[in-house]
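A quick write-up on the structure given underneath.
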Amino acid sequence: MTESNDTPIQTEEGDERQHRRIKSFVMRAGRMTEGQQKGLEQGTPLFVLPLADAPVDFDQVFGRSAPRSLEIGFGMGHSLLEMAAASPEQDFIGVEVHRPGVGALLNGVLTQGLTNLRVYDCDAIEVLNRCVADNSLDRLMLFFPDPWHKSRHHKRRIVQASFAELVRSKLKVGGVLHMATDWEPYAEYMLEVMNVAPGYRNLAEDGKCVPRPTERPITKFERRGERLGHGVWDLKFEKQS
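Position 36 of the sequence shown, counted from 1, bears residue number 36 in UniProt numbering, the numbering being contiguous throughout.
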């Protein structure tokens, strides 16, 4: 899900390509359905926020002060849409670059008449750095990021020490970084990174993973994985300072 900076990467075709900076995504092509196109056309002016050069006043954006969660990489938006609909007293911000996914989420927002959800359709690291004020988020969610299985690609993973520090700066004290993965080695890797990240406390009683939180909706992908015997690991780390 991430791309590393200043490191030549050997592609399958044997070419080298230069990665200039860490990104929170890899762009993938995708076809648009009629509903997704409608979501983009009608929902973008209402719910998509521009990348700003200064922290955004989200109280002004939402017209209120409320608990606020940000999800990085919401995919097709099913989980984020369900969370926003189930918690109208909270505000949600989603970040995703995949245009069909953005369109699908916006179509759902329009269909359900939700007012507590806004979207960025650009790089999440840029959003955190430029648009989100320090000590302002109650929760940051990272569900099923690309694990980059091969060892030589681990540097592309979004979960790195620098990411943990950036997220900590944006969370309120007591705010939670909630991650989930369906690949156990990545869960172990996340634990290694987060256990040495300063200013966090693991909320798992055993110091590892928490039971699946009820507030995280189960996706169709996850249900299919469970039927095949695949596990899912949730990690929650609270900002202490």
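We put the CB at the ideal spot given by N, CA and C, even for glycine.
Since the structure is predicted, the reported quantities are computational estimates derived from the model, not experimental observations.
Simplified DSSP state of residue 172, which is helix, strand or coil = strand
For residue 116, write down the residues that DSSP places opposite it in a beta bridge.
-> Paired residues: none, contrary to the question.
Cβ distance (whole Å) where residue 123 is taken to contact residue 97 below 8 Å | 7 Å
Could you check where the beta strand (DSSP E) with residue 237 kicks off and where it finishes?
-> 233–239
Rounded to whole angstroms, how far is the Cβ of residue 174 from the Cβ of residue 238, which I believe are closer than 8 Å?
-> 6 Å
Could you please give me the residues that DSSP links to residue 94 through a beta bridge?
-> 71 and 119
Given a cut-off of 8 Å, decide if residue 140 and residue 177 are closer than it, judged by their beta-carbon atoms.
-> yes
Which residues does DSSP pair with residue 201 in a beta bridge?
-> 238
State yes or no: is the C-beta of residue 55 within less than 8 Å of the C-beta of residue 133?
-> yes
Tell me whether the beta-carbon of residue 73 lies closer than 8 Å to the beta-carbon of residue 104.
-> no
Name the two residues that bound the continuous alpha helix (DSSP H) containing residue 83.
-> 78–86
Residue range of the alpha helix (DSSP H) that residue 194 falls in?
-> 184–195
Looking only at its own chain, which residues have a Cβ that is under 8 Å from the Cβ of residue 51, when we skip the five neighbours before and after it?
-> 120, 122, 126, 127, 130 and 131
Between the Cα of residue 37 and those of 219, 230 and 99, spot the shortest distance and give me the residue it belongs to.
-> 99
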